[in-house]
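With the numbering used here as the guide, the letters of the sequence shown map in order to residues 1 to 356. Read through the structure below, which is laid out as structure tokens, and then see the notes.
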Amino acid sequence: MGVLRYLFGEFTRRHRAPWPDVISGTSVGAMNGAFVAARDPAGVDWLAKTWRELQIPQVFGITYTDVFRTMRLAFSDQPFALADPRPLQRLVARNWPTESIKQAIAEHGTSWMVGTTDLTSGRTLLFHDGPEAPDWTPRPGVRLVHTRIKPIHALASAALPLLFPPIPLGGAQLVDGGLRQNTPLGPVLRAGADRVLVLSMKRQAMDDERPAVPPNLSFLVGKTLNALLLDPVEQDVFEARNINRIVDWGVRTYGEDFARQLEQDLGVRRAEVLFLTPSEDLGEVAVQLFRTRPPRVAGAVHQLLERAAGSSGPDSDLLSYVYFDREYTGTLEALGHEDARRREGEIASVLLGPRG
Numbered sequence: 001m002g003v004l005r006y007l008f009g010e011f012t013r014r015h016r017a018p019w020p021d022v023i024s025g026t027s028v029g030a031m032n033g034a035f036v037a038a039r040d041p042a043g044v045d046w047l048a049k050t051w052r053e054l055q056i057p058q059v060f061g062i063t064y065t066d067v068f069r070t071m072r073l074a075f076s077d078q079p080f081a082l083a084d085p086r087p088l089q090r091l092v093a094r095n096w097p098t099e100s101i102k103q104a105i106a107e108h109g110t111s112w113m114v115g116t117t118d119l120t121s122g123r124t125l126l127f128h129d130g131p132e133a134p135d136w137t138p139r140p141g142v143r144l145v146h147t148r149i150k151p152i153h154a155l156a157s158a159a160l161p162l163l164f165p166p167i168p169l170g171g172a173q174l175v176d177g178g179l180r181q182n183t184p185l186g187p188v189l190r191a192g193a194d195r196v197l198v199l200s201m202k203r204q205a206m207d208d209e210r211p212a213v214p215p216n217l218s219f220l221v222g223k224t225l226n227a228l229l230l231d232p233v234e235q236d237v238f239e240a241r242n243i244n245r246i247v248d249w250g251v252r253t254y255g256e257d258f259a260r261q262l263e264q265d266l267g268v269r270r271a272e273v274l275f276l277t278p279s280e281d282l283g284e285v286a287v288q289l290f291r292t293r294p295p296r297v298a299g300a301v302h303q304l305l306e307r308a309a310g311s312s313g314p315d316s317d318l319l320s321y322v323y324f325d326r327e328y329t330g331t332l333e334a335l336g337h338e339d340a341r342r343r344e345g346e347i348a349s350v351l352l353g354p355r356g
């Protein structure tokens, strides 16, 4: 969110506003992406302020009764989740920029997508909203649905399994879209984008640089979530860059007609992709803040965070997924803003062209 605040604030004062034609997001990216799809700078500022001031009770609640009920349901055939997501649902529904999104679609032809995972089939259910239904074919394992995207779609995309219950929609039980497709880069390229900014939540660093720690439960869950929710985007970016290498080789070998023919016959085109990642490891940030500036929560919520922080060394990937407190979210928002500022030249070159 800090990156978006920079793009449509300070960056825009020196360049033209880089409002995108195509937006895609999963999990919290679906919620943040709504205000980008709406082309609403005031909404972006409001959302950034919300992240800076966020408190856990605004997102979820847990009582010891909830914990015991979850344990009981875990051994039955009933759906279960640890937390009560109604605070988040109210927050999203109350502030969803419905009219601004409709206006952006009507006036600018904006299209945007929200990814979810269908628990029954295990496939990605990709919701698409725009002036007309897409004419491109998604990759195998993805079902594309053209519809008016509403708050319930974003909430389904952010329903982290075990923490939040699945969202029933259209006969399906939907959970976090990142389980299958964290950042839907492929659909963005198929929709015609040739300049793409990918916002990831994983610092590009080798995990094997860290000291070995005992693989306790919080460590294993955190690393499993990383593998499911964060690592796939790196593969998508790798594939996009490989396509660029093929196009560049073909142009050098056969001339400019190669690129035109490739796009005309196969729908494959070159795309400038900037992969923007945090300059700090978010798991490390989470555990440092939790230990030095703990949130003012008690009871079952405090126990959840304490267990998530665990004893998994200097970082806690699991804690970083559930730590919806302003000490943490505000720090990340500021980090994103500064990371984007440091890379302003790259962002301007990719999004606006060499002349900015």
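Backbone N, C-alpha and C fix where the C-beta goes; we use that ideal spot for every residue, glycine too.
Ignore the nearest five residues each way along the sequence and tell me which others in residue i's own chain have a CB closer than 6 Å to its CB.
i, result
"A81", "F164 and P165"
"E327", "L289 and R293"
"R39", "W19 and A104"
"S100", "A38 and D40"
"G177", "T26, G115, T116, T117 and S157"
"V350", "R195, E272 and L274"
"G43", "F35 and P97"
Residues in the same chain with beta-carbon distance under 7 Å from residue i, minus the five sequence neighbours each way, listed in chain order, please.
i, result
"A17", "F8"
"M206", "Interpretation of M206 is limited by its pLDDT of 47, a score under 50 that renders its predicted location unreliable; the figure taken from the coordinates is listed afterwards. Cβ within range, chain order: n/a, list empty."
"S320", "L282, G283 and A286"
"V28", "A158"
"A240", "L185, L189, A271 and V273"
"V251", "F258 and A259"
"A309", "V287, F290, S316 and L319"
"A154", "A30, M31, A34, V92 and V114"
"P138", "L126, L144 and P187"
Grouping DSSP H, G and I as helix and E and B as strand, with all else coil, what is residue i?
i, result
"P168", "strand"
"A158", "coil"
"D176", "strand"
"M113", "strand"
"D40", "coil"
"F238", "helix"
"L88", "helix"
"L119", "coil"
"P18", "coil"
"F60", "coil"
"G2", "helix"
"F127", "strand"
"T12", "helix"
"T65", "helix"
"S27", "coil"
"L144", "strand"
"R245", "helix"
"L54", "coil"
"V233", "helix"
"V198", "strand"
"G353", "coil"
"G310", "coil"
"N182", "In this prediction, N182 has a pLDDT of 47, which is less than 50 and means its spatial position is unreliable; nothing more can be read from the coordinates."
"L305", "helix"
"R293", "coil"
"D135", "coil"
With residue i and residue j assumed to form a contact (beta carbons below 8 Å), what rounded beta-carbon distance in angstroms separates them?
i, j, result
"I105", "G130", "6 Å"
"L126", "G115", "5 Å"
"V22", "A191", "5 Å"
"L4", "Q58", "So it is not a contact: roughly 20 Å between Cβ atoms."
"A271", "R195", "7 Å"
"G330", "W46", "That pair is no contact at about 15 Å."
"L352", "H15", "6 Å"
Between the options, which lies nearest to residue i when the distance is taken from Cα to Cα?
i, options, result
"G2", "L88, G33, A298 and V22", "G33"
"A156", "L162, I167 and I23", "I167"
"Q303", "K49, V22, T26 and A83", "A83"
"V301", "V322, G283, D281 and G345", "V322"
"S121", "W112, A154, Q173 and T331", "Q173"
"R123", "V175, D265, R86 and A154", "V175"
"P87", "L305, T110, K49 and Q55", "Q55"
"G109", "G345, H128 and Y254", "H128"
"L262", "P278, Q235, S111 and N244", "N244"
"R143", "K150, P161, A154 and M113", "M113"
"T63", "V297, R342, H337 and W249", "V297"
"S279", "G336, S111 and P295", "G336"
"R148", "P97, A48 and L305", "P97"
"D325", "F60, R13 and M31", "F60"
"V237", "L199, A133, W249 and E306", "L199"
"A93", "V145, K150 and A193", "K150"
"S24", "L160, D248, L119 and S111", "S111"
"Q89", "M31, E338 and L119", "M31"
"L160", "P85, A334, E107 and L305", "P85"
"E333", "E53, G170, D265 and G299", "E53"
"P134", "P187, Y254 and L352", "P187"
Leaving out the 5 sequence neighbours to the left and right, which residues in its chain are closer than 8 Å to residue i when beta-carbon positions are compared?
i, result
"L267", "Position check: residue 267 holds Gly in this sequence, whereas Leu was assumed. Here the set comprises W136 and R190."
"A340", "G2, V3, Y6, L7, F11, L276 and I347"
So is the beta-carbon of residue i under 8 Å away from any non-hydrogen atom of the ligand NAD?
i, result
"G336", "The ligand NAD is absent from the structure shown, which contains no ligands of any kind."
Does any residue of chain D bring its CB to less than 9 Å from the CB of residue i?
i, result
"L185", "The chain inventory of the structure shown lacks chain D, comprising one protein chain alone."
Sequence ranges, alpha helix (DSSP H) only - wholly within the region 249-287, length at least 4 | 257-266
Only counting runs of 4 or more residues, tell me where the alpha helix (DSSP H) segments fall wholly within the region 320-347, in order along the chain.
-> 326-342
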